[in-house]
Amino acid sequence: MDFNFTEEQTMIRDMVRKFVDNEIKPAAQQIDKEHNVDLVKSIFKKGAALGLYGIPFPEAYGGSGMGETGYCILIEELSRGCASTSVTIGAHIGLAGMSIMIGGNDAQKKKYLAPLASGEKLGAYALTEPGAGSDAANLQLSAKEDGEDYVLNGTKLWITNGDIADIVVVYGLSNPELKARGGITAFIVETSTPGFSANRIEDKMGLRGSATAELVFEEVRVPKENVLGQVGMGFAIAMETLDESRLSLAAACIGAAKELIAMSIDFSKKRVAFQQPIAQFQAIQFMLADMTAEVYQMESIVYRTAWLYDQGKKIPREGAICKLFCSEALDRIVDKAVQIHGGNGFMGEHPVERFYRDSRVNRIFEGTSEIQRMVIAEDVLKKGAY
Amino acid sequence: MNIAVCIKQVPSTESKIRPASDGKDIDRSGLSYVVNPYDEFGVEEALKIKEQLGEGTVTAISIGPEKVSDALRTCLAVGVDQAIHIQDDAIHGSDGFTIARILSAALQKENYDIIFFGRQAIDDDSGAIGVFVAELMGLPHAAGINKLEIHPEDRRAVAHRQIEGATEIVETPLPALFTCQKELNEPRYASLPGIMKAKQKPLTVWGLSDLGIDPATVGATQARITVDQITSPPVRTTGKIIEGNASEAVSELVSLLREEVKIV
Ligand SMILES: Cc1cc2nc3c(=O)[nH]c(=O)nc-3n(C[C@H](O)[C@H](O)[C@H](O)COP(=O)(O)OP(=O)(O)OC[C@H]3O[C@@H](n4cnc5c(N)ncnc54)[C@H](O)[C@@H]3O)c2cc1C
Ligand SMILES: Cc1cc2nc3c(=O)[nH]c(=O)nc-3n(C[C@H](O)[C@H](O)[C@H](O)COP(=O)(O)OP(=O)(O)OC[C@H]3O[C@@H](n4cnc5c(N)ncnc54)[C@H](O)[C@@H]3O)c2cc1C
Chain A
1 MDFNFTEEQT
11 MIRDMVRKFV
21 DNEIKPAAQQ
31 IDKEHNVDLV
41 KSIFKKGAAL
51 GLYGIPFPEA
61 YGGSGMGETG
71 YCILIEELSR
81 GCASTSVTIG
91 AHIGLAGMSI
101 MIGGNDAQKK
111 KYLAPLASGE
121 KLGAYALTEP
131 GAGSDAANLQ
141 LSAKEDGEDY
151 VLNGTKLWIT
161 NGDIADIVVV
171 YGLSNPELKA
181 RGGITAFIVE
191 TSTPGFSANR
201 IEDKMGLRGS
211 ATAELVFEEV
221 RVPKENVLGQ
231 VGMGFAIAME
241 TLDESRLSLA
251 AACIGAAKEL
261 IAMSIDFSKK
271 RVAFQQPIAQ
281 FQAIQFMLAD
291 MTAEVYQMES
301 IVYRTAWLYD
311 QGKKIPREGA
321 ICKLFCSEAL
331 DRIVDKAVQI
341 HGGNGFMGEH
351 PVERFYRDSR
361 VNRIFEGTSE
371 IQRMVIAEDV
381 LKKGAY
Chain B
1 MNIAVCIKQV
11 PSTESKIRPA
21 SDGKDIDRSG
31 LSYVVNPYDE
41 FGVEEALKIK
51 EQLGEGTVTA
61 ISIGPEKVSD
71 ALRTCLAVGV
81 DQAIHIQDDA
91 IHGSDGFTIA
101 RILSAALQKE
111 NYDIIFFGRQ
121 AIDDDSGAIG
131 VFVAELMGLP
141 HAAGINKLEI
151 HPEDRRAVAH
161 RQIEGATEIV
171 ETPLPALFTC
181 QKELNEPRYA
191 SLPGIMKAKQ
201 KPLTVWGLSD
211 LGIDPATVGA
221 TQARITVDQI
231 TSPPVRTTGK
241 IIEGNASEAV
251 SELVSLLREE
261 VKIV
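Right, dumping it as structure tokens:
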């Protein structure tokens, strides 16, 4: 057993942390207040120059082969600074890139994964529809075969990066009879294709610098060579991608949690009430103790699971456990952080207020907490616990 | 151009520094370490010169225990070609002058055209090592430079230094030694490809015997300067605000300065 990060992993963490401290943290409040997607895009470009988006991908496709562990380190550190930036990058690597990594053939990876890994192109992943969120198997976007193409018609909803992406991995219904049992197909769609349009949705509780969009497909022709994996295998690719990206979402929660604890320690040592720093009060100390105990658990399960994934194990249960526990733990932590900050924690000028709004969605997207519990329960009933 | 950059591993700026229980050092438990920020300017300048000239080798050199190799690997990840780690238990407790002697011995083994140091290390702020080394090696030096031009055709360099109210421009033949000030450049980040390559780059470890230095001439017993005591700065007490109109406030202030602070 060895719980140490490797030298390279530590160097990645140090490098990303420096990048976050210098480039992201100073911009985070502005990104949130102004819903400033352009600022996030300019940070995205700077990260591309450092090779950040190739971390989990093989060298053959321009990556650095640092696996899921390297990727979780990246997302954790980014999330200390700005959730909008972290989610933009997470959807790009963990959802779009991973779908191609999992489902794509060599030619597709060269053509589409490599420019995502280099950051030359931006990616998105479109599964959710107005009538199909948790019940993704019920998606309706129509994908009809026509000569050398598939023709897509329908709508996708709340797609991260949807209106700023160059490449979207779209899940469509190629066989309405079979549905999720062989009727769903994944397509790589270039957003420059005629018939594709996207409308940004502005008014969100949090992640205000992350572009979320409705995508409309009107007779969008996609060549057959852009089918990911086999026709009808799309749902399996979507789910396997989510196993992985749920884990990185849990890593994002760690980064936010650590930042909140650091802010709370700092504030409680400086803020004086009843003639002493509030850090002297046991009520505050116990909150800090609970927050610390939770972040230790978060870290322990996420990197253990990342290690499992990098050993080639499938992680549907463990990915769901990490996502469920970490997103709920973060909400407990951010609530305490606001509490420790008192009235300041309610005010928009303090980052803790932004973290409070940004944290909430982690219990909803990439599968709600209820869906994670369903995944875990089904698996444990079948195979037993540990 | 053959360029050397001497770097020091120091506690990161976010570290909470406390005196150790013996009062002669800082408490090193739980500290995280980084490459001294002023030394990073030297690394960046060396890499820029190499890129501009399209040729050359950049070598990073550091003295210290095992963990110093992390700092050297970071330099390799940023783009430095090779690293030299001088590690020997006998060195522990050496003063700045001894460190400069050891570095000079290491630098003398190779013909460097340019040697960079940071203008000071952010932990002990002594600001002396680079200048000591220049003296020991008989090299010209410019301290605290914020701009540097290299003219390889006639082997000379022009450096800018910020002095009180003015900029001083100095010229020197090469080889020369420079200590780097802020504003010299903006140090780059390590990149992912750089991190992946760092492990394959040479990191040589030298002991004192490799440098022909007698261990009896270094270490705490040979130090000319010893640390008697390290103390925390006094806790700043809250200020006092004097209320009232200007004339009342002034007379109150004067009486406070006279009676409480006793300085007028
Ligand atoms: C900011 C943001 C970004 C997003 N980005 C993307 C993206 O990039 N790509 C993408 O494809 N999607 C994206 N989504 C969509 C997201 O994945 C869905 O919102 C999520 O899966 C939940 O679906 P829903 O919103 O339709 O909720 P619903 O499925 O309608 O769920 C409503 C409630 O019912 C509960 N529920 C549903 N079914 C069950 C059941 N069987 N048992 C018990 N409870 C149940 C849910 O847990 C939830 O509490 C994003 C969403 C947001 C908010
Ligand atoms: C939207 C809004 C509207 C407001 N409107 C008004 C108003 O109309 N009029 C008005 O007068 N005020 C108003 N306030 C101020 C509000 O009453 C204070 O924010 C509140 O009393 C908390 O004080 P504080 O923010 O200074 O936090 P602090 O007192 O600094 O508390 C910080 C933390 O320390 C804890 N703490 C403090 N002392 C102890 C102790 N002895 N033991 C254990 N824990 C301790 C607190 O519980 C909290 O968790 C408003 C605040 C907000 C956010």
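Residue numbers (the working numbering), protein chains in the order written: chain A, 1 to 386; chain B, 1 to 264. Beta carbons are placed, not taken as given, at the ideal position from N, Cα and C, and that holds for glycine.
Output the distance between the C-alpha atoms of residue i and residue j, rounded to the nearest integer angstrom.
i                : j                : result
Met1 (chain A)   : Thr305 (chain A) : 14 Å
Asn362 (chain A) : Asn105 (chain A) : 31 Å
Glu120 (chain A) : Ser268 (chain A) : 43 Å
Glu34 (chain A)  : Ile201 (chain A) : 14 Å
Leu50 (chain A)  : Val227 (chain B) : 42 Å
Phe365 (chain A) : Lys111 (chain A) : 29 Å
Ser69 (chain B)  : His85 (chain B)  : 7 Å
Lys144 (chain A) : Gly348 (chain A) : 48 Å
Leu103 (chain B) : Val43 (chain B)  : 17 Å
Gly212 (chain B) : Glu76 (chain A)  : 47 Å
Ile102 (chain A) : Ile376 (chain A) : 22 Å
Leu157 (chain A) : Gln339 (chain A) : 34 Å
Ala279 (chain A) : Lys16 (chain B)  : 17 Å
Gly65 (chain A)  : Asp21 (chain A)  : 25 Å
Gly62 (chain A)  : Ala117 (chain A) : 6 Å
Leu52 (chain A)  : Ser191 (chain B) : 8 Å
Cys180 (chain B) : Gln30 (chain A)  : 34 Å
Ala223 (chain B) : Thr204 (chain B) : 27 Å
Gln140 (chain A) : Asp335 (chain A) : 38 Å
Thr305 (chain B) : Asn36 (chain B)  : Shown here, chain B extends from 1 to 264; a query on residue 305 (chain B) therefore has no answer.
Arg357 (chain A) : Phe19 (chain A)  : 24 Å
Can you tell me the Cβ-Cβ gap for residue i and residue j, rounded? I've got them flagged as a contact below 8 Å.
i                : j                : result
Lys8 (chain B)   : Ala121 (chain B) : 5 Å
Ser79 (chain A)  : Gly255 (chain A) : 3 Å
Gly209 (chain A) : Asn36 (chain A)  : 5 Å
Arg221 (chain A) : Asp149 (chain A) : 4 Å
Ala71 (chain B)  : Val58 (chain B)  : Actually they are not in contact, since the Cβ atoms of Ala71 (chain B) and Val58 (chain B) sit about 15 Å apart, beyond 8 Å.
Ala126 (chain A) : Phe235 (chain A) : Incorrect: roughly 14 Å between the Cβ atoms, too far for contact.
Tyr189 (chain B) : Met15 (chain A)  : 6 Å
Ile301 (chain A) : Phe325 (chain A) : 6 Å
Ala77 (chain B)  : Gly207 (chain B) : Not a contact, Cβ separation roughly 25 Å.
Phe178 (chain B) : Ala159 (chain B) : 6 Å
Ala83 (chain A)  : Gly206 (chain A) : 7 Å
Gln229 (chain B) : Gly96 (chain B)  : Not really, about 18 Å apart at Cβ, beyond 8 Å.
Ala83 (chain B)  : Ala60 (chain B)  : 5 Å
Pro145 (chain B) : Ile99 (chain B)  : Note on identity: in this sequence residue 145 (chain B) is Ile, with Pro being the wrong assignment. The Cβ separation is near 21 Å, so there is no contact.
Using a Cβ-Cβ cut-off of 7 Å, state whether residue i counts as contacting chain A.
i                : result
Tyr189 (chain B) : yes
Ile230 (chain B) : no
Pro193 (chain B) : yes
Ala60 (chain B)  : no
Ala83 (chain B)  : no
Met137 (chain B) : no
Ala77 (chain B)  : yes
Can you confirm whether residue i, when its beta carbon is compared against all beta carbons of chain B, has any partner nearer than 7 Å?
i                : result
Met374 (chain A) : no
Met98 (chain A)  : no
Ser64 (chain A)  : yes
Phe19 (chain A)  : yes
Met11 (chain A)  : yes
Met298 (chain A) : no
Glu148 (chain A) : no
Met15 (chain A)  : yes
Glu8 (chain A)   : yes
Can you tell me which residues form a DSSP beta bridge with residue i?
i                : result
Met233 (chain A) : A:Ile184
Gly319 (chain A) : Answer by DSSP bridge pairing: none, since Gly319 (chain A) is not bridged.
Arg155 (chain B) : None; Arg155 (chain B) has no bridge partner.
Glu259 (chain B) : Paired residues: none, contrary to the question.
Ser32 (chain B)  : None; Ser32 (chain B) has no bridge partner.
Thr265 (chain B) : Residue numbering for chain B in the displayed model covers 1 to 264; residue 265 (chain B) lies beyond these limits and cannot be assessed.
Check whether chain D comes within 7 Å of residue i, counting only Cβ atoms and requiring the distance to be less than that.
i               : result
Gly51 (chain A) : In the displayed structure, chain D is absent; the protein chains listed are A and B.
Any heavy atom of ligand 3 closer than 6 Å to the beta-carbon of residue i?
i                : result
Ile261 (chain A) : Judged by which ligands are present, ligand 3 is missing from the structure shown, whose ligands are ligand 1 and ligand 2.
(Q) If we require 4 or more residues per run, which alpha helix (DSSP H) segments fall completely within the region 232–315 of chain A? (A) Correct list: 234–270 and 282–310.
Q: Write down every uninterrupted run of the alpha helix (DSSP H) in the region 167–210 of chain B whose length is 4 residues or greater and which is fully enclosed by it, in chain order.
A: Runs found: 192–198.
Q: Identify every run of the alpha helix (DSSP H) within the region 128–162 of chain A, keeping only runs that are complete inside it and at least 4 residues long; order them along the chain.
A: Runs found: none.
Q. Which full runs of the beta strand (DSSP E) of 3+ residues lie inside the region 102–159 of chain B, going along the chain?
A. 114–118 and 141–151
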